[in-house]
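Residues are numbered in the numbering used here as their position in the sequence shown, beginning at 1, plus a constant of 9.
Below you'll find the structure, written out as structure tokens, and then a few comments.
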Amino acid sequence: MDYQIIVEYRPKLRACQFYFKKHFDEDTIEIKVQNNVLFISDFENKIEIKFPDTVKHITDSISGLKFSENSLCFRTRTNPSKTFGSFERELILQDKEESINAYKPKIKIENTVQIYCSNCLQAISKETSFDRVLPLPLSSGTEDFFCHFKLPTENLLSPRINDCLYGLYFYRVNPCLFETDIIGENIFECPRCSTWLGIVNSSYIQLWNSTTIINDIPPMASNNSAINDFIYVILEAISDKYSGIITNKIVLECATDFKDGRYIYEYLLLWIIENNLMLLTCKNITNKIELKEGIVCKVLYTYETSKNGIVNEWLDSPTINSVLISKNMLHKGLEYLKDMSNNIPEVYQNVNNMNVSYLGKLK
10 MDYQIIVEYR PKLRACQFYF KKHFDEDTIE IKVQNNVLFI SDFENKIEIK FPDTVKHITD
70 SISGLKFSEN SLCFRTRTNP SKTFGSFERE LILQDKEESI NAYKPKIKIE NTVQIYCSNC
130 LQAISKETSF DRVLPLPLSS GTEDFFCHFK LPTENLLSPR INDCLYGLYF YRVNPCLFET
190 DIIGENIFEC PRCSTWLGIV NSSYIQLWNS TTIINDIPPM ASNNSAINDF IYVILEAISD
250 KYSGIITNKI VLECATDFKD GRYIYEYLLL WIIENNLMLL TCKNITNKIE LKEGIVCKVL
310 YTYETSKNGI VNEWLDSPTI NSVLISKNML HKGLEYLKDM SNNIPEVYQN VNNMNVSYLG
370 KLK
């Protein structure tokens, strides 16, 4: 996602931070602010940017002007917005809809289905039907255990032959659904394209939503999204639903290989520094622009290929949650964070040895 204009709007602070990925002539540039319209021009550009009605700029409030070869940054002050309340009274707005929905396998009870690799669309399981499709309990509560109490205690969270038990981004099925010759040791790979589809346990096969498809007919293409799973898992992991605490730091762990009888892990450390940030964006700069609105988290992140000092420090902290994610979620998620970070001018891309990025769905 490549944006030429990004504006961070903070109504409580009554401020907008502008990032332009475009060269402007420092000697001839002129910037004017009038209510919800900004005019910017130099010897070869004349641009009019219209803001949503909720954003009201204060005239002549531009500050922090910074030029570089291919970017321009500055701030403006804004008038109070009744939409978001004031310093005396804050309005709590409820989202009309969630942009990222909770994962649940699309399975109709007792319909005959097969499991397919989403990369090459090869069928990897026998034909089967599921009698029960149940969520696996999160660590913060026991309410979901009531769904599983018909099973013996020692097999409470292990799927029977006709069970599908699902988590935040994965599901577990019984090993009997697969031919024994394609079940490897610890790692479950597609027999055709060798894509890593999940992990093997003595009592279940755990498959990732973004690497497999459950369908009643052979699929024409995959509609699973590792990015959707990546964003959803992070938003869940920072909430109290996941572990009973609200946190702004999480560790995403990923097993990327299996050698000498043990998994090799890589780590993505995420620090949510700003939640529910309104981001106004534009992909292409023209003479007249209307900015698109989106709500994101502003994050700091670092990617570590081994369990070093900072990883151990975060994992040992009782206020930081850790989540095991799939290999393609890590790779796609890291690519997504880098792409979003590249929309910010280089001088603002790093803070405290961590990379700055945004997390959320933008238009």
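All C-beta atoms in this analysis are idealised placements derived from N, C-alpha and C, irrespective of residue type, glycine included.
For N284, there is no enclosing alpha helix (DSSP H); the enclosing beta strand (DSSP E) covers residues 271-291. Less than 9 Å separates the beta-carbon of I15 from that of N352.
Here K117 is exposed, its C-beta having fewer than 16 other C-beta atoms within 10 Å. Three or more beta-carbon pairs drawn from the segment 356-369 and the segment 301-316 are found closer than 8 Å, and the two stretches are therefore classed as touching. In this structure, the beta-carbon distance from E17 to L288 falls below 9 Å.
Between N237 and the set E322, L343, K292, C291, the nearest pair of CA atoms involves L343. Going by DSSP, L324 is part of the alpha helix (DSSP H) stretching over 318-325.
The closest CA to that of Y175, considering only C291, P144, K258, S366, is found on P144. I273 counts as exposed, since fewer than 16 other C-beta atoms from the protein chains shown sit within 10 angstroms of its C-beta. Contact check for M338 against W217 passes: the beta carbons are separated by less than 9 Å.
Per the C-alpha coordinates, the member of K113, F83, Y12 positioned closest to E39 is F83. When DSSP states are grouped into helix, strand and coil, K258 belongs to the strand group.
Annotation for E299: K59 place their beta carbon closer than 6 Å to its own, counting only its chain and skipping 5 residues before and after.
In this structure, the CA atom of E53 is about 30 Å from the CA atom of G303.
Where S350 is concerned, the enclosing alpha helix (DSSP H) starts and stops at 336-350. Around the beta carbon of P114, 16 or more other beta carbons sit within 10 angstroms, so the residue counts as buried.
When secondary structure is reduced to three states using DSSP, T311 falls in the strand class. Around the CB of K21, fewer than 16 other CB atoms lie within 10 Å, so the residue is classed as exposed. Under the three-state reduction of DSSP, E198 is assigned to strand.
Take the alpha-carbon of Q43 and the one of K250: they are about 44 Å apart. Nearest C-alpha to S90 among A24, I133, K75, Y125: A24.
Beta-bridge analysis with DSSP links D172 to R141. Taken atom to atom, the span from the alpha-carbon of V182 to that of I196 is near 15 Å.
For the pair C126 and C199, the CB atoms are nearer than the 9 Å cut-off.
By a beta-carbon distance limit of 8 Å, S331 contacts I259. Their separation comes to about 7 Å. Under the DSSP assignment, K59 falls in the beta strand (DSSP E) whose first and last residues are 55-59. For K75, the closest of E355, P228, T295, T265 by C-alpha to C-alpha distance is E355. With contacts defined as CB atoms closer than 9 Å, G193 and S335 fail to qualify as a contacting pair. Judged by their CB atoms, K341 and S366 are not nearer to each other than the 9 Å cut-off. Taking C-alpha positions only, T121 is separated from L371 by approximately 37 Å.
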